[in-house]
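Have a look at the structure below, then the notes.
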Amino acid sequence: MSLATSYNVSNNFSKFNIKRVRGYLICLVCNTPKMIQRELDGISFYGCSNYVNKGDCKGVLREINGLMKMVCLHCENTPIMEKVESGRGGAYACKNCNRKFYFIDLAKQNERKKDLEKEKKELLNKIEKQKIKRLERFILAGVKANIKENSFFLGCKNYHKCKWTASMDSQDPKCPKCNRLMKRKKNFKNNEFFTAVSLILNAMEFCLYINLKKKGN
C-alpha cells in the first residue's frame, strides 16, 4: 500500500505509527512549534501537531537532502510543494495534483471563531424572541457557522453526517404539497420568479410550486 493511498483512506495522522515529537520543528503552514514524526511503509515524515480533525492544518515535512521540505502526501513519492501567492494569500501548492494548503493565522482564526460564536448566539436569541414558526425538522436544527464564507445557515445537529440545511430567511414560504421550506428562485429562460423547495433530502427530489402572484392574478 502506498503512502498516498493510505493517507487518502485514513485522512487522519493518528492512523500512522507515531515515533516521536520534534518540538524544534515549526509547521510551515500554521507556525505551530511542534511536529510529530510518523512512519508508514518505511517512509518517515513529520505531521503538524495542530492536525486533529478533518479540516485542521495538514502541514507535512520530510527531510530531503538535509533540509526540511513541505511535501504532498496525496501523491506518489511525496513531491515537494512550492510556496505560491494567490488571491487568498500565501500557500504551498503541489504541481502534481494542484492541491493548495493556505497559510493559517491561528490567532486570527480563533478570534474569528469567537466573533462567529457571538453572532450565532445573537441569531438564536432573535429567532427565539420572534417565535418564528418553523418546520418540524427545524426543531432539531441549530445555527451553524460557515467559517470560510463567514455566513450562517440552519443545519441539523447531526451535521456533517446529515446534510440537511436551510437558509436563515424565515420569510421563505412552505410548499403546499409537501410542507417543506421553499425559497424564491429566478427562471432565467423567461425572467419570471417562482418558489421552489430549498432542500434536497437523500435524493434529487424537487417539489416546484409556481408563484401565481403575477400581473392580472
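So that you can map any letter, position 173 of the sequence shown is 526 in our numbering, and since no number is skipped, the others follow by simple counting. Backbone N, C-alpha and C fix where the C-beta goes; we use that ideal spot for every residue, glycine too.
### Query
Apart from the five residues just before and just after Q390, which ones in its own chain have a Cβ nearer than 7 Å to its Cβ?
K372, R373, R375, S397 and Y399
### Task
Measure the beta-carbon distance from K448 to E435 and round it to whole angstroms, keeping in mind my assumption that it falls under 8 Å.
7 Å
### Query
The beta strand (DSSP E) spanning S397 covers which residue range?
I396 to C401
### Query
CA-CA distance, E429 and L414?
15 Å
### Message
I'd like to check one pair, C450 with H427: are the Cβ atoms closer than 7 Å?
### Response
yes
#### Entry: Reference Y404; option with closest CA among M421, M423, C383 and I417
C383
### Query
In the structure shown, what three-state DSSP assignment does L381 receive?
coil
#### Entry: Residue of A444, G395 and G412 minimising C-alpha distance to P386
G412
### Task
Decide if V424 is buried, meaning its Cβ has at least 16 other Cβ atoms within 10 Å, or exposed.
buried
### Query
Going by other Cβ atoms of all chains shown within 10 Å of its Cβ, with 16 needed for buried, is Y445 buried or exposed?
buried
### Task
Provide the residue(s) that pair with E438 in DSSP beta bridges, ordered along the chain.
G443
### Task
List the endpoints of the continuous beta strand (DSSP E) containing F456.
That residue, F456, is in no beta strand (DSSP E); it is neither H nor E in DSSP.
### Query
Over what stretch of residues does the beta strand (DSSP E) that includes L426 continue unbroken?
Note, L426: premise wrong, no beta strand (DSSP E); not H, not E.
### Message
Using the Cβ count rule (16 or more neighbours within 10 Å means buried), how would you classify I457?
### Response
buried
#### Entry: Continuous beta strand (DSSP E) stretch holding I417: start and end
V413 to I417
### Query
Can you tell me the Cα-Cα spacing of A460 and I417, whole angstroms?
31 Å
### Task
Have a look at the DSSP bridge pairing and note the partners of Q390.
R373 and Y399
### Beta-bridge partners of L420, as assigned by DSSP
I417
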